[in-house]
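Engineer: Residue numbers (my numbering), protein chains in the order written: chain H, 4 to 206; chain S, 1220 to 1371. Note that CB positions come from ideal geometry on N, CA and C, so glycine has one too.
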Amino acid sequence: MENPMNWKSLIVLVAVIIIAGCGSKGNFIVLSPANDGSVGALKVGTDKGSEVLSEEGKAIYIGNRNTPPSAPAPISKEDTQLIFEDALAVQPLMPESFLLYFQFNSNELTDASKNLVGNIPASIKKRESRDISVIGHTDRTGSDEYNRKLSLERAQLVYDLLRAENVSTKDMTIIYHGEGNPLIPTADNIAEPRNRRVEVMVR
Amino acid sequence: MKKIAFTWFLAVLLFCSLPLPTFAEQRVVGKVKGIRGLVSILRDGKTKPAFPNDRIYQSDTILTGSDGAIGILLEDNTLISMGPISRVSLEKYTFAPATNEYAMRLNMQHGTFVYQSGLLGKLAPHAVELDTPVGRISMLKEETSFKARFAE
């Protein structure tokens, strides 16, 4: 019986394997999973076509503008980590937000929130943050003017607490929204404890 | 006397009709968080080295050298990191939740990029446009994050 595999086919086969292996060079995109493991979805469009990427562990390769993008093809986690190693080494930490709640019509924190304040300096240090926003709010009971004043007092209180924890005043900015920008929208003059808050955003 | 007054009048009229120079508002769109090696910012035709906590403005181009890498935090908390020999232009950026205005256009010209979605990608993914040397990337879902490489 004749051997169907002749030298020509073998050379072509080897060439194809080498070229396929050269996916390590060139343009590609791969999704990054969120902390909960979910991934988003995106579309890559060249002048000759487009492809959708919505799965983890797969990459879309693109030769150039005048070729359609490849269908998503598997890419290993190790390869991904290696290729993006330098960028990952300097990737900033996501900013962290702390919500501190106040007792009704007061600038005194709830007990739970008093305890939370102590966690903030560590977050600042981790990020070497020089950009900390202290944002005061109230709920909608009381007049707009009264609430503007109260939201500022609340922000000021948290600012002073952080200053007592050695956070530099140079790095903090006080913002106050009165009864505006509620977490939970309500009608006017409705009490809503979840809006009586100061948000500390550490960037 | 009348002649002088009239001359002055004409001069004032002429001056008021001259177009005043408009200063394009230099909008801060983010800042440098992490740096390694040599990274430069190209702004208004001038190149200068980048340092941690430097502000980043709309229209800035950021370039990393052969040992360079940079991590950037934008106003909406989008994170962009780049490895060596990489280049990105921040062509358009608006993040104004109070008035519902959202827009971003980046041009990832070459190199390695790690992009982590912030509030723009959460509230207005359709407003995120990413140009690359080989085509356009658009977001189909909220909070999409990715890594990409564009080799020359």
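On a Cα-Cα basis, can you pick out the residue from Ser53/H, Asp134/H, Ala92/H, Arg130/H that is closest to Thr1331/S?
Structural biologist: Ala92/H
Engineer: Could you list which residues in chain H have their beta carbon closer than 9 Å to that of Met1301/S, in chain order?
Structural biologist: Asp89, Ala90, Val93
Engineer: Chain S partners of Val33/H, CB-CB under 8 Å?
Structural biologist: Ordered by position in chain S, the residues that pass the 8 Å Cβ test against Val33/H are Phe1365, Lys1366, Ala1367.
Engineer: Within the same chain, show all residues whose beta-carbon is closer than 7 Å to that of Glu111/H, passing over the 5 residues directly before and after it, in chain order.
Structural biologist: Here the set comprises Phe105.
Engineer: How far does the beta strand (DSSP E) with Ala167/H in it reach, from first residue to last?
Structural biologist: Premise fails: Ala167/H lies in the alpha helix (DSSP H), 147 to 167, not in any beta strand (DSSP E).
Engineer: Within the chosen definition, does the stretch 1299 to 1306 of chain S reach the stretch 1282 to 1289 of chain S through at least 3 CB pairs nearer than 8 Å?
Structural biologist: Short answer: they touch.
Engineer: By the 10 Å Cβ neighbour count, where 16 or more other Cβ atoms means buried, how is Arg157/H classified, buried or exposed?
Structural biologist: buried
Engineer: Could you list the residues in the stretch 1246 to 1274 of chain S with a C-beta less than 8 Å from some C-beta on chain H, going in chain order?
Structural biologist: Lys1250, Lys1252, Gly1253, Ile1254, Arg1255, Pro1271, Asn1272
Engineer: Counting only C-beta atoms, is Ser1308/S closer than 8 Å to chain H at any point?
Structural biologist: no
Engineer: Give the residues of chain S in contact with Thr229/H, contact being defined as C-beta atoms less than 7 Å apart.
Structural biologist: Outside the displayed span of chain H (4 to 206) sits residue 229/H, for which this structure offers no information.
Engineer: How close, in whole Å, do the beta carbons of Leu56/H and Ala44/H come, if the pair is a contact with beta carbons under 8 Å?
Structural biologist: 7 Å
Engineer: When burial is assigned at 16 or more other CB atoms within 10 Å of the CB, is Phe1228/S buried or exposed?
Structural biologist: exposed
Engineer: Return no unless some Cβ of chain C is closer than 8 Å to the Cβ of Val203/H.
Structural biologist: No chain C appears in the structure shown, which is made up of the protein chains H and S.
Engineer: What does the alpha-carbon distance come out to for the pair Gly1337/S and Leu153/H?
Structural biologist: 30 Å
Engineer: Checking 8 Å against the spacing of the C-beta atoms, do Val1258/S and Thr1280/S come in under that value?
Structural biologist: no
Engineer: Taking CB distances under 8 Å as the criterion, tell me whether Met1323/S reaches chain H.
Structural biologist: no
Engineer: Can you pull the chain S neighbours of Ile86/H, defined as C-beta to C-beta under 9 Å?
Structural biologist: Gly1302, Thr1331, Lys1366, Arg1368
Engineer: In the DSSP assignment, find the beta strand (DSSP E) that holds Lys80/H and state where it starts and stops.
Structural biologist: From DSSP, Lys80/H is part of no beta strand (DSSP E) but of the alpha helix (DSSP H) over 80 to 86.
Engineer: What is the rounded straight-line gap between the Cα of Lys1366/S and the Cα of Ile135/H?
Structural biologist: 28 Å
Engineer: In angstroms, rounded to a whole number, what distance separates the CA positions of Thr1241/S and Tyr1312/S?
Structural biologist: Because Thr1241/S sits at a pLDDT of 40, beneath the cut-off of 50, its placement in the model cannot be relied upon, and the following sentence gives the value as read from the coordinates. Across the structure, Thr1241/S and Tyr1312/S are spaced so that their CA atoms are roughly 20 Å apart.
Engineer: Buried or exposed for Asn169/H, going by 16 or more other Cβ atoms inside 10 Å?
Structural biologist: exposed
Engineer: State yes or no: is the beta carbon of Ala194/H nearer than 8 Å to at least one beta carbon in chain S?
Structural biologist: no
Engineer: Which residue comes first and which comes last in the alpha helix (DSSP H) that contains Gly1340/S?
Structural biologist: First-last of the alpha helix (DSSP H) with Gly1340/S: 1338 to 1342.
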